[in-house]
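Some notes on the structure that comes next.
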Amino acid sequence: MATLAVGIDVGSSSVKAVALKRSGAGYSLKSVGHADIRRTEYFPDESPQAIAEAPLRALEKITQDSNFGRKPCSFAVSGPRVAPRLFKFPSLPKTEVEAAIRFEAEQIIPFDLAQAALDYVLFDEVMEEGKPQMEGLVVAVHKEEVDKRFVLLKSAGFDPVVLDIDALAIANAFVETEGVGEKETVALINIGAKFTNLSICHGPRRVFVRDIASGGDQLSRAISEIYGMDLPMAEKRKREAAYTPLDELEGGGEQGFESQAETMPGGGMGGAGETAGGEGGEEEYVLLDGDETAMMRKDEAKPGKGAKAGDTMTGDEEGGFDQSAQTQNQMGAAQRISANRAVLADALGDLVSEIQDTFKYYINRRIVPKVDKVKLCGGTAKFPDIDDFFAGQLGVPTQLWNPFARIDVAGVAKRFPPNFLDELGPLMAVACGLAMREISG
Ligand SMILES: Nc1ncnc2c1ncn2[C@@H]1O[C@H](COP(=O)(O)OP(=O)(O)OP(=O)(O)O)[C@@H](O)[C@H]1O
Ligand SMILES: [Mg+2]
């Protein structure tokens, strides 16, 4: 009988794991894990050996959960050594399809196929000038990339059996949970630390993907430059920006940050690598490493600091209504939005242009009629106002996407503070898609 693999997403900044089980027509969450990878840019005092071993250490934390370690898992790769390409040719008998796709791949894949793992998906047949055409996506992944990931997962005690790419895993998670209408086009943008995975789903069975080398690291660098603070501090401040607006740093530099930091509430999410108790080892969670602020709930922030930048607040702290306070708050909110926008434009302007060019390419070639909506996920999608920024730049309605919104998380959620899984969800899209992959056994 087919069972579901555990989904393990090894990113450049964190490791994410999800175990799902089928429940009715959908899925329920069995386990979830997240651990940061300590990188040298953000942890300059770590020894080179500790930095080299950081991905393994993060994975080992995840294996503390009995639902993850030594289980068959699916994993994914992304970045420049992953080459997805569209192909189309006149329909052929089944026995000839594979050779034809290999031939196509040789023409369009930018590295030697002898060193690549190759896979493909076939879309529904299309008619062109009265003749049936086969259309699909072929993906070549450099073997070194696969081997590196495989060895890492094995040494951490996982049993990697299914290979995917990040952008296809995200599309899988979206189609399986939210669904895509037959004539609808949805662009999924997973903004991580180093990479952004773009998946354009046209109907439920056609997907076009690409990776762009840009993400949250750019945002941290922009904050570091604009506000004159070192990179580790800028990274920390970026993750807190929903609770203490960026514009309050202006002119303050590092000192400004420290005074803000004092206003932040304490961690409250437990220490590094702690494992929350799970009954019978069924539903457990590996807590975050050194990233408490990123997962802090909005209602934990101090009054006046908790609102998402851009929210319009009415009334004073005592609850009375005051027109001038309202006006001031509105002005403050507008200022915060412009501070966030300035950073976003500086850091992610090139990323937006790449995405715009990709949309234009597919529309001009009549591969999709238009993009109806954009869904953002990945850690960087949590930055305040990023949805409005993308909506404005791309001219397409844009929202944050939390894959847990359509997965039954009740059994696991009770182990965490309210909203915790909502905060974590946008980071888990790749892992959710991987956790929906079937394995025989
Ligand atoms: N609350 C937050 N606000 C802004 N950025 C955040 C927040 N939380 C995490 N991030 C950023 O999200 C990024 C990590 O996201 P994610 O875990 O999706 O990336 P990754 O999968 O490790 O990286 P990649 O896929 O690029 O290799 C980091 O740049 C981190 O600083
Ligand atoms: Mg990622």
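Each position in the sequence shown, counted from 1, maps to that position plus 1090 in my numbering. Glycine residues also receive a C-beta, built at the ideal position from the N, C-alpha and C atoms. These numbers were taken from a predicted model, which means no experiment stands behind them.
Should Asp1099 be listed as close to ligand 2, given that the test is whether its C-beta is under 7 Å from any heavy atom?
-> Looking up residue 1099 in the sequence shown gives position 9. Yes - ligand 2 has a heavy atom lying nearer than 7 Å to the Cβ of Asp1099.
Examine ligand 1 and report whether any of its heavy atoms sits within less than 7 Å of the Cβ of Lys1328.
-> Within the sequence shown, residue 1328 is the residue found at index 238, counting from 1. It does: the Cβ of Lys1328 is within 7 Å (strictly closer) of some heavy atom of ligand 1.
Span of the alpha helix (DSSP H), counted from its first residue to its last, around Val1236 | Here the question's residue 1236 lines up with position 146 in the sequence shown. Here the alpha helix (DSSP H) through Val1236 covers Lys1233 to Ser1245.
Does the region 1290-1298 come within contact of the region 1424-1440, defined as at least 3 CB pairs closer than 8 Å?
-> no
Reference Asn1280, options Lys1184, Leu1466 and Val1486, closest by Cα = The residue given as residue 1280 occupies position 190 in the sequence shown. Here the closest residue by C-alpha is Leu1466.
Would you tell me roughly how many angstroms separate the C-alpha atoms of Ala1142 and Ile1127, rounded to the nearest one?
-> Locating residue 1142 in the sequence shown gives position 52, where the first residue counts as 1. Locating residue 1127 in the sequence shown gives position 37, where the first residue counts as 1. Roughly 10 Å separates the two Cα atoms.
Measure the C-alpha to C-alpha separation of Gly1306 and Val1251 and round it to an integer number of angstroms.
-> Looking up residue 1306 in the sequence shown gives position 216. Looking up residue 1251 in the sequence shown gives position 161. Whole-angstrom Cα-Cα distance: 30 Å.
Consider the C-beta atom of Asn1280 and the heavy atoms of ligand 4; say whether any pair is separated by less than 7 Å.
-> For the structure depicted, ligand 4 is absent and the ligand set comprises only ligand 1 and ligand 2.
First and last residue of the alpha helix (DSSP H) that includes Ile1198?
-> On the sequence shown, position 108 is the one that residue 1198 refers to. Its alpha helix (DSSP H) spans residues Lys1184 to Ile1198.
Return the CA-CA distance between Glu1186 and Asp1478, expressed in angstroms with no decimal places.
-> Indexing the sequence shown from 1 puts residue 1186 at position 96. Indexing the sequence shown from 1 puts residue 1478 at position 388. Cα-Cα distance, rounded: 48 Å.
In terms of residues, what are the limits of the alpha helix (DSSP H) holding Lys1328?
-> Counting from 1 along the sequence shown, the entry for residue 1328 is found at position 238. Taken as a continuous stretch (DSSP letters only), the alpha helix (DSSP H) holding Lys1328 covers Leu1321 to Glu1330.
As assigned by DSSP and simplified to three states, the class of Phe1298 | By 1-based counting over the sequence shown, the position of residue 1298 is 208. In the structure shown, Phe1298 sits in a strand (DSSP, three-state: E or B).
Exposed or buried, which one is Arg1455 when buried takes at least 16 other CB atoms within 10 Å?
-> Looking up residue 1455 in the sequence shown gives position 365. Arg1455 comes out exposed.
When DSSP labels each residue in this structure, what does Val1172 get in the three-state scheme?
-> Position 82 of the sequence shown holds residue 1172. Val1172 falls in the strand class under three-state DSSP.
Since Ile1199 and Ala1230 are thought to touch, with beta carbons under 8 Å apart, how far apart are those beta carbons, to the nearest angstrom?
-> In the sequence shown, the residue the question calls residue 1199 occupies position 109. In the sequence shown, the residue the question calls residue 1230 occupies position 140. Yes, they are in contact, since the Cβ atoms of Ile1199 and Ala1230 sit about 4 Å apart, within 8 Å.
Thinking C-beta only, is Gly1116 closer than 8 Å to Arg1527?
-> For the purposes of this step, residue 1527 is identified with residue 437 of the sequence shown, where counting begins at 1. For the purposes of this step, residue 1116 is identified with residue 26 of the sequence shown, where counting begins at 1. No, the pair does not count as a contact, with Cβ atoms beyond the cut-off.
Keeping to the same chain, check which residues put their C-beta closer than 8 Å to that of Ile1316; ignore five residues upstream and five downstream.
-> Reading the sequence shown from its first residue, position 226 is the one you call residue 1316. Correct list, in chain order: Ala1432, Val1433 and Asp1436.
Tell me, please, whether the region 1440-1460 touches the region 1248-1266 by the rule of three or more beta-carbon pairs shorter than 8 Å.
-> no
Nearest-angstrom Cα distance between Leu1484 and Val1442?
-> Taking the sequence shown and counting its residues from 1, the one referred to as residue 1484 is at position 394. Taking the sequence shown and counting its residues from 1, the one referred to as residue 1442 is at position 352. The straight-line gap from Cα to Cα measures roughly 7 Å.
To the nearest angstrom, how far is it from the Cα of Pro1134 to the Cα of Arg1329?
-> Here residue 1134 refers to the residue found at position 44 of the sequence shown. Here residue 1329 refers to the residue found at position 239 of the sequence shown. Roughly 19 Å between the two C-alpha positions.
Taking just the CA atoms, how far does Ala1519 sit from Phe1480?
-> The residue given as residue 1480 occupies position 390 in the sequence shown. The residue given as residue 1519 occupies position 429 in the sequence shown. Straight-line Cα distance between these residues: approximately 19 Å.
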